[in-house]
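**Student:** Residue numbering for the sequence shown is 1 to 69, as defined by UniProt numbering.
Ideal Cβ placement from N, Cα and C applies to all residues, glycine included.
Just so you know, these numbers come straight off a predicted model, no measurement behind them.
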Amino acid sequence: MITKLYVTASNYLNNLRNDERGVTAIEYGLIAIAMATMLALVFYNTGSLVDELKIGFDKITSALNSANN
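#1: Under 8 Å between the Cβ atoms of ALA43 and LEU49?
#2: Is LEU64 a contact residue of the ligand COA, with contact defined as CB to any heavy atom under 7 Å?
#3: Apart from the five residues on each side of it in sequence, which residues of its chain come closer than 8 Å, Cβ to Cβ, to THR61?
#4: Tell me which residue opens and which closes the alpha helix (DSSP H) that ASP51 is part of.
#5: If we ignore side chains and look at the alpha-carbon of each, how far apart do THR8 and ILE26 end up?
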């Protein structure tokens, strides 16, 4: 009886350990989280890409306005 229980539990744990269903979805989820974090840091930090683009467009606008005057 104990041996049968041990074998059943051992087989269940081995099957559980070797089951790879859903692993791909988890990996894609982790990649998505990493990409979202990276994009948030790039676009919304102080001195970020968005701020630099605004500064660049402001310089272009002021140069065009001064050329028209």
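**Tutor:** Taking the structure as given:
#1: Within the sequence shown, the letter at position 43 stands for residue 43. Within the sequence shown, the letter at position 49 stands for residue 49. Reading off the sequence, residue 43 comes out as Phe, not Ala. It is a contact, given that the beta carbons lie within the stated cut-off.
#2: As far as ligands go, the structure on display features none, and thus does not contain the ligand COA.
#3: Taking the sequence shown and counting its residues from 1, the one referred to as residue 61 is at position 61. Result list for THR61: empty, nothing under 8 Å.
#4: Start at 1 with the first residue of the sequence shown, and residue 51 comes out as number 51. Unbroken alpha helix (DSSP H) run through ASP51: 49-68.
#5: Taking the sequence shown and counting its residues from 1, one reaches residue 8 at position 8. Taking the sequence shown and counting its residues from 1, one reaches residue 26 at position 26. Rounded to the nearest angstrom, the two C-alpha atoms are 28 Å apart.
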